[in-house]
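Reading through the structure tokens given below for one structure.
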Amino acid sequence: MSVRTRFAPSPTGFLHIGGARTALYCWLEARHHGGSFVLRVEDTDRERSTDEAVQAILDGMRWLGLDADEGPFYQTERLDRYREVAEQLLAAGKAYYAYETPQEIDAMREAARAKGEKPRYNGYYRDRNEPYRDDPHRVIRFKNPQSGSVVFHDKVKGRIEWSNTELDDFVLFRSDGFPTYNFAVVVDDLDMGITEVIRGDDHVNNTPRQINVYEALGAPVPTFAHLPMILGEDGQKLSKRHGAVGVMQYREDGYLPHALLNYLVRLGWSHGDQEIFSIEEMVRLFDIADVNASAARFDMAKLGWLNQQYLKNEDPARIAPELEWHLRRIGIDPSTGPAPAEVVPALCDRVQTLKDMAERARVWYAPIAEWDDKAVAKHLKSATASAVLEAARDGLRTLDAWQPEPIHELVQRIAERLELGMGKVAQPLRVALTGTQVSPSIDHTIYLAGRDEAIRRVEHALAISRAG
RNA sequence: GCUCCCUUCGUCUAGUGGCCUAGGACACCGCCCUCUCAAGGCGGGAACACGAGUUCGAGUCUCGUAGGGAGCGCCA
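Residue numbers (the numbering used here): 156 to 623.
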């Protein structure tokens, strides 16, 4: 039987980091086995579901490259089907109508809690066989087995056993005519032929109930894999006010999708000592059974390191479009300076994100906006600065090929001729070109500025130098 | 309260009874390289939550304790 997995987010917010990892593992598991990956939107919560959230999730998945083979399917479009299955259960005597008001249910829970028991529904209408009545509080409840236990072998947690006495007759259909989650997932996973359910471990507790529904339906039970949650850097649960952001925020912060995917795949899963995985390697090596059972913390420092690995090792031509996107975001027109593909190698050793890279690249696209006073005082007002700048201006004017290598040789010749160390030559030039003491190697810094602009800046610095 | 789950360096992890004087990576510290900043190279400190038991032998198996988490909805 071919493997079929699904990612089933509820559209109540953006695709966050935990959801992204779940989606990745589902996708990987399907791809690894040559199976199918299905996307399903669980939107039966009409109060909180929004179209914007659906779009945000779709955007996030597309950016990450987690393409679905089927879907997205929407639960709200399958209402008739849930109704049909519920009727089937009703007819088979495996479900029943109940008419308690919310207040009565609350009172029931309070009473149970007061006795030190688990708050649950007491099954009042279970075997009462009352005639059907139209009632605003009418719900359909599942007749959960009252003895025995449910055992399943979770692919990440191992064997889990649950006594049926812990389970109550949960609601299948709400009084508003919508199915509940625990019922809709089963019907959906069944109809969609899902063979492996991979989801967050906050669903472990629901699994026994769902298995009972499968069995009541006489249907095959899929395998389950419950992923531990991802904690914030401080070890606290991620929440809106605690660092939980959508994956698209990571794009804005300058991370590459591949780097994020690589970070996520290693959070809870590993393959020996390997840290860097191409997408193909992930697909080939990933096995849901190798996923760890314990929660992991999100570590920005490591994500940053990984992102830089990709910045350094991927083809600059492939990174260039993303850099352009970031340049435009900070108001820079990429056509007013060097080709982004040439900027990438100059800065990839110096930044961890594309956002920082764009910021640092600004010197080649816009005039120097601000001069570092200390840099000017130290390197432009020094005794030898004017001579260096003068020599550089003349040399740059007559240089044959405008390439880093000849520029490098020119700088070296100036150092030799003036009998100065490289530091005494490079630093004044660096300040001249950037207004600061920090930049890529001096030859690349000059090269990327372009000949005219480089000479203009050197002349300007020379004026400052002489004035001092 | 009840049920279920989790527990190896600061962090992510390797480890499936002897190969472990517990390995790698990030982070941190030091040295080297060096035109700045980085990157890179080399080196360093740093962990099996605790207690019993099983066994010739336990990070690895069992039980308990502690700590953490999840769930107990007409939310998903």
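For each residue, glycine too, the CB sits at the ideal point set by N, CA and C. Quick caveat, the model's predicted, so the values are computed rather than measured.
Residue i versus residue j - alpha carbon distance
i           : j           : result
residue 366 : residue 509 : 47 Å
residue 266 : residue 318 : 22 Å
residue 211 : residue 169 : 5 Å
residue 316 : residue 478 : 51 Å
residue 426 : residue 447 : 12 Å
residue 206 : residue 166 : 8 Å
residue 433 : residue 196 : 29 Å
residue 188 : residue 157 : 8 Å
residue 440 : residue 183 : 9 Å
residue 349 : residue 262 : 38 Å
residue 423 : residue 376 : 26 Å
residue 546 : residue 580 : 10 Å
residue 193 : residue 511 : 36 Å
residue 384 : residue 268 : 28 Å
residue 255 : residue 409 : 53 Å
residue 204 : residue 162 : 16 Å
residue 669 : residue 198 : The structure shown has nothing for residue 669, since the chain only spans 156 to 623.
residue 565 : residue 459 : 36 Å
residue 234 : residue 404 : 34 Å
residue 605 : residue 494 : 11 Å
residue 164 : residue 476 : 30 Å
Buried or exposed (CB count within 10 angstroms, at least 16 for buried), residue i
i           : result
residue 291 : exposed
residue 557 : exposed
residue 455 : exposed
residue 491 : exposed
residue 257 : exposed
residue 572 : exposed
residue 308 : exposed
residue 485 : exposed
residue 538 : exposed
residue 324 : buried
residue 186 : buried
residue 177 : buried
residue 222 : exposed
residue 298 : buried
residue 310 : buried
Residue i, DSSP secondary structure in three states
i           : result
residue 225 : strand
residue 213 : helix
residue 664 : Any question about residue 664 goes unanswered here, given that the chain covers just 156 to 623.
residue 576 : coil
residue 165 : coil
residue 691 : Nothing can be reported for residue 691: it is not among the residues displayed for the chain, which extend from 156 to 623.
residue 295 : strand
residue 451 : strand
residue 159 : strand
residue 191 : strand
residue 311 : coil
residue 322 : coil
residue 196 : strand
residue 184 : helix
residue 460 : helix
residue 317 : strand
residue 586 : helix
residue 302 : coil
residue 554 : coil
message = Suppose only complete runs of 3+ residues qualify. What are the beta strand (DSSP E) ranges in the stretch 381-444, listed by chain order?
response = Segments of the beta strand (DSSP E) lying fully in the stretch 381-444: there are none.
request  = Entirely within the stretch 242-282 and at least 3 residues each: give me those beta strand (DSSP E) ranges in chain order.
outcome  = Counting whole runs of 3 or more residues, the stretch 242-282 contains the beta strand (DSSP E) stretches 250-253.
inquiry  = Is it the case that the stretch 345-362 contacts the stretch 244-257, given that we only count it when at least three CB pairs across the two stretches are under 8 Å?
reply    = no
Unbroken stretches of the alpha helix (DSSP H), 4 residues or longer, contained in the stretch 332-380 = With a minimum length of 4 residues, the continuous alpha helix (DSSP H) runs that stay inside the stretch 332-380 are 336-346 and 362-371.
Stretch-stretch touch, CB-based, cutoff 8 Å, three pairs: the stretch 497-506 with the stretch 459-467 = yes
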